[in-house]
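Residues in the sequence shown are numbered consecutively from 2, following our numbering.
No residue lacks a Cβ here, since even glycine has one placed at the ideal position from N, Cα and C.
One structure is given here, and the rest of the page talks about it.
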Amino acid sequence: MDNNVRNFWKAVTKIILLSMTFISPVIVFANYHTGYYYGHAPPNGVSAYIRTWNYNFAEQHFYVNYICVYLSAGFNWWFSTGFCKDYRQNYQLKYFVEKSDRNGAPGPEWISSPTPVSGTYYTYFVEKMSGSNWKAYVIGKYSKTKSLNPYAAADYGALVETTTSSIRIDGSHFNYISAKPGTGDWYLWEDKYNVITPPDSPYGLTTPHTYEFYAYGGG
2 MDNNVRNFWK AVTKIILLSM TFISPVIVFA NYHTGYYYGH APPNGVSAYI RTWNYNFAEQ
62 HFYVNYICVY LSAGFNWWFS TGFCKDYRQN YQLKYFVEKS DRNGAPGPEW ISSPTPVSGT
122 YYTYFVEKMS GSNWKAYVIG KYSKTKSLNP YAAADYGALV ETTTSSIRID GSHFNYISAK
182 PGTGDWYLWE DKYNVITPPD SPYGLTTPHT YEFYAYGGG
């Protein structure tokens, strides 16, 4: 394992142990992750075309598929959006937005309506706006703008996350993962990216392109 990957997983461990924002303060899980992170940060945003999938489970767990802007080199501050299935939302598929910064980590903000449809693809955006504002949205579905501190992008991620290895993630598909270097067009992740799958993960990736992956495993 090279130093960049080792340092990344130290940072992820720090997130899990110190932040745990998506997780109940009563029930604490060791989360599992797989996906891509970029390795640097074009300043103005990240987007991805993500398939919605539905896996049934009965215990107090969740899974999420999301894109994320990291706001610090230690990965402990971020702003993210995607879809989830969570016991705190009666196991219903939901869109969500979540932030963690110097001002706190209030946890996920679930979008009550509309809701994502299993088997359907949606393009998710996290985009830099004016000043300290970032916007998370799916066109025609929802839009949430948050003021962040700090607000400069340090890196980007596109990930699948679960709280138990018993959740099977074979329905996961991310495509056309893009970054926005300027104020105009979005560009596919073609020049640099990194796979996030720790050695003991129950999950793996099929990676047909630098801007696309299928996740699998668990159950």
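query	result
Beta bridge counterpart(s) of residue 52 as assigned by DSSP	122
Residue environment, residue 140, which counts as buried when at least 16 other CB atoms sit within 10 Å	exposed
Bounding residues of the beta strand (DSSP E) (the contiguous stretch that carries residue 210)	204-210
Whole-number beta carbon distance between residue 68 and residue 49, since they are thought to touch under 8 Å	5 Å
Contacts around residue 218, its chain only, beta-carbon distance under 6 Å, and the 5 residues preceding and following it disregarded	203, 204 and 205
Euclidean distance between Cα positions of residue 130 and residue 186	14 Å
DSSP bridge partner residues for residue 197 (one or two, in chain order)	36
Candidates 90, 79, 82 and 80, of which the one nearest residue 61 by Cα	90
Helix, strand or coil at residue 156 according to DSSP, with G and I counted as helix	strand
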